[in-house]
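**Q** The structure is given below, and queries will be raised subsequently.
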Amino acid sequence: MLARLRGIAHRGPSSDASRLRREHARYLLYHYPSARGELRIGRPDLPRSYDDGGLVDVNSVSDEVLARLPGLNTAQAQHVVFDRRLRGPYASTEELAARCLLAPAVTDSLREVLLFLPPEPPPGPPVAPASLVEMPDEPGSDGRPGASRGGAAAAGG
Numbered sequence: 008m009l010a011r012l013r014g015i016a017h018r019g020p021s022s023d024a025s026r027l028r029r030e031h032a033r034y035l036l037y038h039y040p041s042a043r044g045e046l047r048i049g050r051p052d053l054p055r056s057y058d059d060g061g062l063v064d065v066n067s068v069s070d071e072v073l074a075r076l077p078g079l080n081t082a083q084a085q086h087v088v089f090d091r092r093l094r095g096p097y098a099s100t101e102e103l104a105a106r107c108l109l110a111p112a113v114t115d116s117l118r119e120v121l122l123f124l125p126p127e128p129p130p131g132p133p134v135a136p137a138s139l140v141e142m143p144d145e146p147g148s149d150g151r152p153g154a155s156r157g158g159a160a161a162a163g164g
């Protein structure tokens with residue numbers, strides 16, 4: 008039994024073990040979104056210890072990583088990255104195929120390994136939500152109600 012499991016683990020990206028790892032990684036992404044950054048799911052270009060079964064986030068990786076995928080050549084991978092920079096991230100395999108004019112045979116072979124995650128926000132200081140920022144009543148107001156409407160005279164005095 009153990010020899011059989013070892014054989015499964017070494018069959019390549021389309022093996023049962025890799026498929027199970029991809030399903031588990033997708034489960035983690037759905038239920039624990041923070042796992043994306045912590046485990047670097049879909050980012051084979053970054054150092055990591057988690058095996059996601061060969062998933063690739065098409066919206067984050069370079070053309071060199073994309074060119075290593077089965078069915079994509081260097082020119083197609085460069086086109087994917089150029090189009091992504093020009094028109095924004097991809098939402099699905101169908102959108103990728105339409106925007107980059109990829110043949111169905113290419114995208115069908117990639118469907119199992121591609122992820123379409125929204126870009127991560129750049130690191131930086133946290134920004135306070137607009138609901139927490141104190142806004143004056145009117146432009147030119149000093150923040151006190153009625154202050155920009157004539158002060159005491161507007162208050163009925």
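The opening residue of the sequence shown carries number 8 in my numbering; numbering runs sequentially from there. Using N, Cα and C, we set each Cβ at its ideal position, and we do this for glycine too. It should be emphasised that the depicted structure is a prediction, and the values quoted were computed from it without experimental measurement.
Taking one C-beta from the stretch 47-64 and one from the stretch 19-34 each time, how about it: are there three or more such pairs within less than 8 Å?
**A** Yes, the stretch 47-64 touches the stretch 19-34.
**Q** Taking Cβ positions, are R43 and L53 nearer each other than 7 Å?
**A** Contact: no.
**Q** Please determine, among A105, I48, A82, the residue with the shortest C-alpha to C-alpha distance to L122.
**A** It is I48.
**Q** Only counting the same chain, and skipping five residues up and downstream in sequence, which positions put a Cβ closer than 6 Å to that of V87?
**A** The residues are L73, C107.
**Q** Under three-state DSSP, which class holds V68?
**A** Coil, per DSSP.
**Q** Under DSSP, the alpha helix (DSSP H) around V113 begins and ends at which residues?
**A** First-last of the alpha helix (DSSP H) with V113: 111-117.
**Q** Distance check for H38 and V68, CA to CA, integer angstroms please.
**A** Each residue's Cα considered, the two are about 23 Å apart.
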